[in-house]
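Q: So that we are looking at the same thing, I have put the structure below in structure tokens.
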Amino acid sequence: MAARIALAGLGLMGVPIAERLIAAGYDLTVYNRTPGKAEPLVSLGASPARDPAELLGTGGVCLTTLADDAALEAVVLGPGGILAGAAAGSTLVDLSTVSPSVSRRVASAAAPAGVDYLRAPVSGNPGVVRAGGLTIIVSGPRAVFDELRGLLTAIGPNLFHVGEGDEARIVKLALQIMIGGTAELLAEALTLAEASGVERGTLLEVMGGSAVGSPFVRYKAAPLVADDFSATFTTSMMLKDVDLVRALADESGVRLPVADELARLLADTAVRGHGDRDFTALLLRLREDAGLPLPPLPDGADAHA
-14 MAARIALAGL GLMGVPIAER LIAAGYDLTV YNRTPGKAEP LVSLGASPAR
36 DPAELLGTGG VCLTTLADDA ALEAVVLGPG GILAGAAAGS TLVDLSTVSP
86 SVSRRVASAA APAGVDYLRA PVSGNPGVVR AGGLTIIVSG PRAVFDELRG
136 LLTAIGPNLF HVGEGDEARI VKLALQIMIG GTAELLAEAL TLAEASGVER
186 GTLLEVMGGS AVGSPFVRYK AAPLVADDFS ATFTTSMMLK DVDLVRALAD
236 ESGVRLPVAD ELARLLADTA VRGHGDRDFT ALLLRLREDA GLPLPPLPDG
286 ADAHA
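Numbering of the sequence shown is given in our numbering, commencing with residue -14 and proceeding in unit increments.
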């Protein structure tokens, strides 16, 4: 167990990750740009940090789980950021979904500061974290990964080391094509079935027992039956990820027509007022276009710090 563990970013994913680390017995320091987010974790035994420069000032390991490229740059690279105060020999582990380009900038700043750097984007949602089923895709020095395997396993048991550089960023974005695309296909199948007289729950039950019954389809079934679009991952954040996919495709010289269309559909769903709802709100867009009734919906809520 590392002597000092810190976590920056207490959004939907950061909070359950912090809870797991505290439950595993780690002495945890937490930081969030909105300080009030730390209070429930402090009541569980975490220590609050006043600014990110404190998090690696005495060495140890700092995990970051942040919303996007801009947040990562501000918290890690900005004036008074994590690397500004980092002690040589410490380790930065970023769990966020961000672009390979910003990840390379972090790597370029970490190396001369003597800070080891693991890229470790996660696949799952807050419920998956709390259930102990999170997947963590890691790239960076293999020796550092091996040293921190116990810490990472306390967060989620499904660990994959995929390379020494920024490969984990690419793998995570490739997964997001599948997840976002599956959400749209699921929405289209449900809309077609309901417009033709088949109940939503019936189709989802059959899907769950068929060749397309992935874990994603199965854990989205109950919220979809209940018309529950409270966010485990918002439409706006999925659009952000798909835009990262498209930027990487441009950089790599490949064409991704489905990703391009998915970005358009997500943007339209957000414009219709569903940006802060779960990205399965793609279904609401299709129902509206089909003239099917929409359920009563509470006001959306921002899912990220």
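Idealized CB from N, CA, C, for every residue including glycine.
What alpha helix (DSSP H) runs, 4 residues minimum, are completely inside the stretch 27 to 67?
A: Whole alpha helix (DSSP H) segments, 4+ residues: 54 to 57.
Q: Could you name the residues of the same chain whose beta carbon sits closer than 6 angstroms to that of Lys157, not counting the 5 residues immediately before and after it, in chain order?
A: Taken in chain order, the residues that qualify are Thr82, Pro106 and Ile122.
Q: Taking the alpha-carbon of Glu246 as reference, which of Asp228, Asn17, Gly258 and Asp151 has the nearest alpha-carbon?
A: The residue with the shortest Cα to Cα distance from Glu246 is Asp228.
Q: Give a yes or no on whether the C-beta atoms belonging to Leu298 and Cys47 are separated by under 9 angstroms.
A: As shown, the chain starts at -14 and ends at 290. That puts residue 298 outside it, with no answer to give.
Q: Helix, strand or coil: which one does DSSP assign to Ser81?
A: Here Ser81 sits in coil by DSSP.
Q: Counting C-beta neighbours from all protein chains within 10 Å, is the total for Gly186 16 or more, i.e. buried, or is it exposed?
A: Classification for Gly186: exposed.
Q: Under 9 angstroms between the Cβ atoms of Leu40 and Val78?
A: No; because the gap between Cβ atoms is not below 9 angstroms, this pair is not in contact.
Q: How about Ala94 and Val60: do their beta carbons lie closer than 9 angstroms?
A: No; because the gap between Cβ atoms is not below 9 angstroms, this pair is not in contact.
Q: Between Leu257 and the rest of its own chain, which residues show a CB-CB distance below 8 angstroms, the 5 nearest in sequence each way excluded?
A: Here residue 257 is Arg; the residue named in the question, Leu, does not match the sequence. Closer than 8 angstroms at Cβ, skipping near neighbours: Leu269, Arg270 and Glu273.
Q: Mind reading off the beta-carbon distance from Gly(-6) to Leu51? Whole number of angstroms is fine, and I expect it under 8 angstroms.
A: Rounded, the Cβ-Cβ distance is 4 angstroms, consistent with contact.
Q: Answer yes if the stretch 110 to 118 comes into contact with the stretch 157 to 175, meaning at least three C-beta pairs across the two stretches below 8 angstroms, and no otherwise.
A: Because the criterion of three Cβ pairs below 8 angstroms is not met, the stretch 157 to 175 and the stretch 110 to 118 do not touch.
Q: Between which two residues does the alpha helix (DSSP H) containing Arg249 stretch?
A: Here the alpha helix (DSSP H) through Arg249 covers Pro242 to Thr254.
Q: Below 8 angstroms on the Cβ atoms is my guess for Gly45 versus Arg89; work out the distance and round it to an integer in Å.
A: In fact, because the Cβ distance is near 24 angstroms, the residues do not count as touching under 8 angstroms.
Q: Could you say which of Ala23, Pro126 and Ala96 lies nearest to Glu149 if we only look at CA atoms?
A: For the residues Ala23, Pro126 and Ala96, the minimum Cα distance to Glu149 belongs to Pro126.
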